[in-house]
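Visitor:
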Amino acid sequence: MSSFSCLSNKYSLFQGKSTIGCNNSTNFCGKFSSCAQVSDANGLIMSGCCREDYLYRSASNIIVYILIIPLIGIGSLGALGGGVVKRPFLEAVLNFNSGPSGNITACLMFGAQLVNQIIITFQKHPYHPQCPAVNYEVGMIYALAIPLSMQFGEELASYMPLLPVLTLQMMFFIVILPICLLYAKRQEVVEQELDEDYTDSHISMASAFKGSIQDEAQAALVYKQFLNESHQILPLIPVLIAFGSFAANEAVILSRSTLSQNSPYFQSNEQDQESNPKLSPCNVWNFYMMILLFAVNILITGTTLLVYRKKEEIKDTVRYKMKERYFTPTRRFFKIYGAGCATGFIAGFLGMAAGLTMFVTMVQFGLVAASAGATANYGYFIVCLQVFVSFIVSDSGMPIGDQFFFYGIGIVGVLVFTNLGYYYINKYKIGHILFYIDFAIVVLNIAGNIAWGIEQNDRWGFYSIVNISNTCSD
């Protein structure tokens with residue numbers, strides 16, 4: 122449970138330690154909130170901002186939660202999850218501070234993307250009906266890069282004032298808007314061309330491979346094996362590598378206490394401090410764990426690169442899908458890996474737009490929009506898992522019943538709106554519409570950013586958005 126609790130019956134949701142010492146005569150706590158008495162773990166009474174609970178029955182809560190359902194569902198089509206509603210609705214409209222809004226977002230993301238993964242697993246490629254929509258090799262490379270880079274993004278964001286973070290978010294949004302429109306037009310042309318005259322991307326092995334009869338027979342067997350692998354609904358090896366890498370990274374990440382998280386491996390109970398003390402965010406142990414995190418990533422990524430390079434060399438000998446190479450030459454692998462690093466960093470630093478970054482870059486690497494959207498959702502699930510694990514081990518104080526309510530909202534949004542969207546996209550082959558969806562949601566978040574920034578300045582003053590509250594220099 123949280124170390125602080127509100128003593129009011131109506132205003133029962135504590136808005137964070139930054140609100141301690143509030144004053145009822147100001148607008149410090151904002152709407153749906155009150156400066157009320159709060160109690161810490163030792164029973165000490167003080168003043169702090171308390172908001173109406175997550176599920177308090179008010180018209181504003183009900184209306185916004187209903188609106189979130191289609192937004193989560195539609196956003197999930199373009200690999201945009203809970204982050205799309207955090208700033209414009211949860212913070213700017215409902216006045217949840219970053220802690221409670223992060224709790225809601227983590228539940229929305231996990232519920233929506235868990236069901237979305239089940240749906241996209243059975244989606245077929247629009248122009249290769251025998252193949253899955255997800256490109257698991259590309260998704261695996263992104264999954265290798267995301268955990269480490271996301272940790273860096275979170276670390277940097279925790280040491281920066283709010284104003285520069287908001288400014289960089291706005292700059293990112295402004296840059297990505299014309300890119301969304303440009304890619305939408307390009308993909309529309311590509312889809313029309315593919316629909317009118319599509320030829321399979323691989324050359325027939327029988328016509329391309331020349332050698333002895335025995336060599337041709339052996340090559341045919343190898344070729345057939347690769348073909349069968351590409352038709353698997355859920356290829357085992359790349360999935361195990363992606364989620365195995367995530368598990369190994371997360372095990373090391375959770376060993377660190379930072380300014381934004383406490384390690385669950387160290388005792389947080391004050392009574393047990395002597396036998397197993399709580400790890401300080403400024404302890405040198407965190408630096409050593411960061412070195413270990415680097416080593417784990419180099420080992421897993423290097424081994425994967427060597428294995429798949431060898432595999433693609435064999436593909437070259439039997440002329441299998443010559444245009445689909447992601448590990449050879451090596452620079453192509455590192456371009457995709459670099460895009461994965463950018464995705465993780467943006468997810469950690471900006472707290473949103475990870476799926477959008479993957480979607481745009483995957484199209485640049487040659488995936489058609491429908492396949493890029495499905496693969497981006499697969500990669501985005503890694504981001505959701507990392508956020509969700511951090512939420513589960515944190516001292517959130519969010520009741521289990523409230524958590525399941527928001528899981529349910531995310532699930533309903535995907536089952537209804539995402540599922541329906543996939544149906545029409547595959548039926549009419551209009552994957553390019555995903556870029557227009559992402560464009561509209563980005564515009565919504567720009568408006569939310571502006572509104573929330575104005576609210577923060579009005580409530581806490583300009584100094585609060587330029588002050589660095591977290592530091593290890595003291």
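Residue numbers (the working numbering): 122 to 595.
Even glycine gets a Cβ: it sits at the ideal position worked out from N, Cα and C.
#1: Less than 7 Å between C-beta atoms, sequence neighbours within five positions excluded: which residues of the same chain meet that for S381?
#2: What are the boundary residues of the beta strand (DSSP E) that includes C156?
#3: Short check: CB of P359 to CB of M261, under 7 Å?
#4: Taking just the CA atoms, how far does Q238 sit from P209?
#5: Assign P62 to one of two classes, buried (16 or more other C-beta atoms within 10 Å of its C-beta) or exposed (fewer than that).
#6: Considering only DSSP beta bridges, list what C143 is partnered with.
#7: Can you find the residues in the same chain that come closer than 6 Å, C-beta to C-beta, to Y549, ignoring five residues on each side of it along the sequence?
#8: If we call anything under 7 Å between Cβ atoms a contact, is G531 one with A227?
#9: Could you check whether V405 and Y344 sit closer than 7 Å to each other, using their CB atoms as the reference points?
#10: Note down, one range per segment and in chain order, each beta strand (DSSP E) of at least 3 residues found wholly within the stretch 157-198.
#11: Assess, as a yes-or-no matter, whether the stretch 210-219 is touched by the stretch 178-196 under the definition of 3 or more beta carbon pairs within less than 8 Å.
#12: Is the beta carbon of F486 closer than 7 Å to that of A305?
#13: Can you find the residues in the same chain that come closer than 7 Å, C-beta to C-beta, to S126, ignoring five residues on each side of it along the sequence?
#14: So, A491 versus G552, is the Cβ gap smaller than 7 Å?
#15: Could you name each continuous alpha helix (DSSP H) segment of 4 residues or more that falls completely within the stretch 400-485, going from the start of the chain to the end?
#16: Quick check on the DSSP output: the alpha helix (DSSP H) that includes P268 runs from which residue to which?
#17: Looking only at C-alpha atoms, which of T482, K442, A495 sits nearest to Q346?
#18: Assign E258 to one of two classes, buried (16 or more other C-beta atoms within 10 Å of its C-beta) or exposed (fewer than that).
#19: My output table needs one value for D321: the three-state DSSP class, helix, strand or coil.
#20: Evaluate D321 with the Cβ neighbour count: other Cβ atoms within 10 Å of its Cβ, from every protein chain shown; 16 or more gives buried, anything less gives exposed.
#21: For a minimum of 4 consecutive residues, which ranges assigned as the alpha helix (DSSP H) are wholly contained in the stretch 494-563?
#22: Buried or exposed: which applies to S401, given that a residue is buried once 16 or more other Cβ atoms fall within 10 Å of its Cβ?
#23: Would a C-beta distance cut-off of 7 Å place A157 and Y132 closer than the cut-off?
#24: For G142, which residues from the same chain have a beta carbon less than 8 Å from its beta carbon, with the 5 sequence-adjacent residues on both sides left out?
Guide: The short version:
#1: Translated into the one-based positions of the sequence shown, residue 381 becomes position 260. Counting only Cβ-Cβ distances below 7 Å, and skipping sequence neighbours, we find E275, S279.
#2: Here residue 156 is taken as the residue at index 35 of the sequence shown, counted from 1. Note, C156: beta strand (DSSP E), 154-160.
#3: Locating residue 359 in the sequence shown gives position 238, where the first residue counts as 1. Locating residue 261 in the sequence shown gives position 140, where the first residue counts as 1. Yes, they are a contact pair.
#4: Position 88 of the sequence shown, counting from 1, holds the residue named residue 209. Position 117 of the sequence shown, counting from 1, holds the residue named residue 238. Taking the straight line joining both Cα atoms gives about 26 Å.
#5: Nothing can be reported for residue 62, as the shown portion of the chain is limited to 122 through 595.
#6: Against the sequence shown, residue 143 aligns to sequence position 22. None, per the DSSP bridge assignment.
#7: Locating residue 549 in the sequence shown gives position 428, where the first residue counts as 1. Around Y549: no qualifying Cβ.
#8: Translated into positions along the sequence shown, residue 531 becomes position 410. Translated into positions along the sequence shown, residue 227 becomes position 106. Going by C-beta atoms, G531 is not nearer than 7 Å to A227.
#9: The sequence position of residue 344 within the sequence shown is 223, counting from 1. The sequence position of residue 405 within the sequence shown is 284, counting from 1. Their beta carbons are not under 7 Å apart, which means Y344 does not touch V405 by this criterion.
#10: 166-172
#11: Contact holds: three or more Cβ-Cβ distances are below 8 Å.
#12: The sequence position of residue 305 within the sequence shown is 184, counting from 1. The sequence position of residue 486 within the sequence shown is 365, counting from 1. No; because the gap between Cβ atoms is not below 7 Å, this pair is not in contact.
#13: As a first step, residue 126 is located in the sequence shown; it is residue number 5 there, counting from the start. Excluding sequence neighbours, S126 sits near F135, V159, S160.
#14: Residue numbering aside, residue 491 sits at position 370 when the sequence shown is read from its first letter. Residue numbering aside, residue 552 sits at position 431 when the sequence shown is read from its first letter. It is a contact, given that the beta carbons lie within the stated cut-off.
#15: 406-438, 451-471, 475-485
#16: Counting from 1 along the sequence shown, the entry for residue 268 is found at position 147. Looking at the DSSP string, the run of the alpha helix (DSSP H) that includes P268 is 257-279.
#17: Taking the sequence shown and counting its residues from 1, the one referred to as residue 346 is at position 225. Residue K442 is the option with its Cα nearest to Q346.
#18: Stepping through the sequence shown from its first residue, residue 258 is reached at position 137. E258 is buried by the Cβ-count criterion.
#19: If you number the sequence shown from 1, residue 321 lands on position 200. With a pLDDT of 46 at D321, under the threshold of 50, the predicted position of this residue should be treated as unreliable, though the coordinate-derived value follows. Three-state DSSP puts D321 in coil, outside helix and strand.
#20: To locate residue 321, count along the sequence shown from 1; it is residue 200. Bear in mind that a pLDDT of 46 at D321, under 50, signals an unreliable position, so the model cannot answer this.
#21: 521-534, 540-549
#22: Within the sequence shown, the letter at position 280 stands for residue 401. Classification for S401: exposed.
#23: The residue labelled residue 157 in the question sits at position 36 within the sequence shown. The residue labelled residue 132 in the question sits at position 11 within the sequence shown. Between A157 and Y132, the gap from beta carbon to beta carbon is short of 7 Å.
#24: Looking up residue 142 in the sequence shown gives position 21. Taken in chain order, the residues that qualify are M167, S168, G169.
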